[in-house]
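The structure under discussion appears below in the form of structure tokens.
Numbering (the UniProt record's numbering), first residue to last: 1 to 145.
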């Protein structure tokens, strides 16, 4: 399995961050960073811009956040050639069909529904790692939960 050096969770909800970090740890992945604010996350990316070895293997991004929406962050990532190839999965407690379509068109690798039960989070983490290992994420349509 591909070694995941680092993944990033951008979510203002501490409980959701904790749940997902624990889920990835169940799969032996502990190299995580988290940000509760999208602006701070984008500032961090700009700090590591010249060090590709510091880039995250993937990003798990909450849609609803107070300072900057997940959609705005996704647009910033996908419009920046340095970061456009990083897989981004967007999750939300209110993932409508229109929202999924829009996010996938912008460049999201998948859209997930939250809140997760712990067992669902562990399954989702496993699915993400399986796909990263194969250097591809699932067909975006099948990635929608």
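Positions of the beta carbon are idealized from the N, C-alpha and C atoms, including for glycine.
- Judged by DSSP in its simplified three-state form, residue 24 adopts helix.
- Contact check between the region 4-20 and the region 53-62: three or more CB pairs, one atom from each, fall below 8 Å, which counts as touching.
- For residue 33, the uninterrupted beta strand (DSSP E) segment begins and ends at 32-35.
- Closest in alpha carbon position to residue 92, among 81, 6 and 70, is 70.
- Residue 29 holds the alpha-carbon nearest to the alpha-carbon of residue 56 among 67, 29, 68 and 75.
- Within the same chain, Cβ atoms closer than 8 Å to the Cβ of residue 44 are found at 33 and 35, the five residues on either side in sequence being excluded.
- Between the C-alpha atoms of residue 84 and residue 78 there is a straight-line separation of about 4 Å.
- Our two residues, residue 6 and residue 86, have alpha carbons roughly 12 Å apart in a direct line.
- Boundaries of the alpha helix (DSSP H) around residue 130: 118-133.
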